[in-house]
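Under my numbering, the first residue of the sequence shown is numbered 3, with each subsequent residue one higher.
Virtual Cβ for every residue (Gly too), placed ideally from N, Cα, C.
Here the structure is laid out as structure tokens; the discussion comes afterwards.
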Amino acid sequence: MKNTAQFTKLILSLSVVGLALTACAPSAKQLKEVIEKDPSIVFSAIEKDPEKFIEVVNIAARKAQQGQAEKQSKDEEGKREEEFKNPLKPEIQAGRAIIGPADAKITIVEYSDFECPYCSRGYATVKEVLKEYKGKVRLVFKHLPLEFHPKAMPAAKYFEAIARQSPEKAYKWHDIVFERQSDLRAKGEAFMKDAAKKAGADLAKLQKDLTDATLMTRINADMEEAKKFGFNGTPGFIINGVSLRGAYPASEFKKIIDRQLQ
Numbered sequence: 003m004k005n006t007a008q009f010t011k012l013i014l015s016l017s018v019v020g021l022a023l024t025a026c027a028p029s030a031k032q033l034k035e036v037i038e039k040d041p042s043i044v045f046s047a048i049e050k051d052p053e054k055f056i057e058v059v060n061i062a063a064r065k066a067q068q069g070q071a072e073k074q075s076k077d078e079e080g081k082r083e084e085e086f087k088n089p090l091k092p093e094i095q096a097g098r099a100i101i102g103p104a105d106a107k108i109t110i111v112e113y114s115d116f117e118c119p120y121c122s123r124g125y126a127t128v129k130e131v132l133k134e135y136k137g138k139v140r141l142v143f144k145h146l147p148l149e150f151h152p153k154a155m156p157a158a159k160y161f162e163a164i165a166r167q168s169p170e171k172a173y174k175w176h177d178i179v180f181e182r183q184s185d186l187r188a189k190g191e192a193f194m195k196d197a198a199k200k201a202g203a204d205l206a207k208l209q210k211d212l213t214d215a216t217l218m219t220r221i222n223a224d225m226e227e228a229k230k231f232g233f234n235g236t237p238g239f240i241i242n243g244v245s246l247r248g249a250y251p252a253s254e255f256k257k258i259i260d261r262q263l264q
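See below:
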């Protein structure tokens, strides 16, 4: 019923706009009154050429979506320019698992969710960026597990527990999980444990560290920081203080990195 009412409202709006633009047409108010009294006027017109009507609605919807996307893009570009002048400052705690040289000119801080399909795309993009800018970029992986991804929080704990043994092992585990994300969803804990074994982790120490409540201190701090910077979804990235919100292609990372390296 609600959808029908919304559809009827859309039809009426389009009809009013179309007729109002015709020469010598009555006012929009007059048309609205006439159509509200007898909606069959509009329905009859649609019945005469329903395919044309659907085509017009689809074109209007596409234009609206395009306009929304363009506005969003401009808003993000403006925000990005502001961040070049006043960079965001994520905290990088001592003992954090980091991949890449400590003296790298570019630091990418990523807020991610191991179960998120867009984060797996972000993983592939970051891997490409690290390869292209080898020695110039380092990655700090942070956590933003979403509530509707039940395996995301346990996976975040696994990453941090393995990181206590070795950053290299943690990132090896990280790679296995993102490359086999469907197994994470299907097998959960069994897959995470098997991935830890493949990454070379000490399983006895891992199981002990997983019970340590302080693991959540770091994960909660990551989530709070992500919220502070306005990241509501995943993935999110901060590249030397400049944010990218979503699974952008490598070319967008390169624009920011090249500008900063210059």
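Give the list of continuous beta strand (DSSP E) stretches no shorter than 3 residues that lie fully inside the region 201 to 259. Correct list: 238 to 241 and 244 to 247.
Run through DSSP, which three-state label would Tyr120 get? Looking at Tyr120 - three-state DSSP - the assignment turns out to be helix.
Tell whether a beta-carbon distance below 8 Å holds between Pro237 and Gly97. For Pro237 and Gly97, no; Cβs fall outside 8 Å.
Expressed to the nearest angstrom, what Euclidean distance is found between the alpha-carbon atoms of Glu79 and Arg247? Counting only the Cα atoms, Arg247 lies some 11 Å from Glu79.
Going by DSSP in three states, Ser114 sits in which element: helix, strand or coil? Here Ser114 carries a strand assignment [DSSP, helix/strand/coil].
Which residues bound the alpha helix (DSSP H) around Lys159? That run of the alpha helix (DSSP H) goes Ala154 to Ala165.
Using only the alpha-carbon positions, how far apart do Ala215 and Val58 sit? For Ala215 and Val58, the distance between alpha carbons rounds to 58 Å.
When the Cα atoms are used, what is the spatial distance from Phe86 to Ile240? The alpha-carbon atoms of Phe86 and Ile240 are separated by roughly 11 Å.
Give the straight-line distance between the Cα atoms of Asp185 and Ala99, rounded to the nearest whole angstrom. Distance between the alpha carbons of Asp185 and Ala99: 24 Å.
Can you tell me the Cα-Cα spacing of Pro251 and Ser245, whole angstroms? Each residue's alpha carbon lies about 14 Å from the other.
Between the CA atoms of Ile110 and Asp260 - distance to the nearest angstrom: Their Cα atoms are separated by approximately 13 Å.
From Phe55 to Pro41, what does the alpha carbon distance come to, in whole angstroms? Between Phe55 and Pro41, the C-alpha separation is close to 16 Å.
Would the region 173 to 185 and the region 199 to 209 be scored as touching if the rule is three or more Cβ pairs under 8 Å? By the Cβ rule, the region 173 to 185 counts as touching the region 199 to 209, because three or more pairs are nearer than 8 Å.
Reducing DSSP to helix, strand and coil, say where Gln264 ends up. If DSSP states are grouped into helix, strand and coil, Gln264 belongs with coil.
If you follow the alpha helix (DSSP H) that Arg187 is in, where does it begin and where does it stop? That run of the alpha helix (DSSP H) goes Gln183 to Lys189.
Check each candidate in His151, Phe143 and Glu226 and name the one with the smallest Cα separation from Tyr173. Among His151, Phe143 and Glu226, the Cα nearest to that of Tyr173 is on Phe143.
Given a cut-off of 8 Å on the beta-carbon distance, is the pair Asp224 and Leu146 in contact? In this structure, Leu146 lies closer than 8 Å to Asp224 by Cβ.
Return helix, strand or coil for Leu23, following the three-state DSSP convention. Model confidence at Leu23 stands at a pLDDT of 38, short of 50, so the residue's coordinates are unreliable; what they give is reported in the following sentence. It is coil, neither helix nor strand.
Would the region 164 to 171 and the region 131 to 138 be scored as touching if the rule is three or more Cβ pairs under 8 Å? At 8 Å Cβ cutoff, the stretches do not touch.
Quick one: what's got a C-beta closer than 8 Å to Ala106's C-beta in the same chain, skipping five residues either side? Gly137, Lys138, Val139 and Arg140, listed in sequence order.
Closer than 6 Å by C-beta to Cys121: which residues in its own chain qualify, once you throw out the five before and the five after it? Chain order, please. So the list reads Ser114, Asp115, Thr236 and Pro237, once near-sequence residues are dropped.
Selection from Asn60, Glu35 and Glu83 that minimises the alpha carbon distance to Lys257: Taking each of Asn60, Glu35 and Glu83 in turn and checking the Cα distance to Lys257, the smallest one comes out for Glu83.
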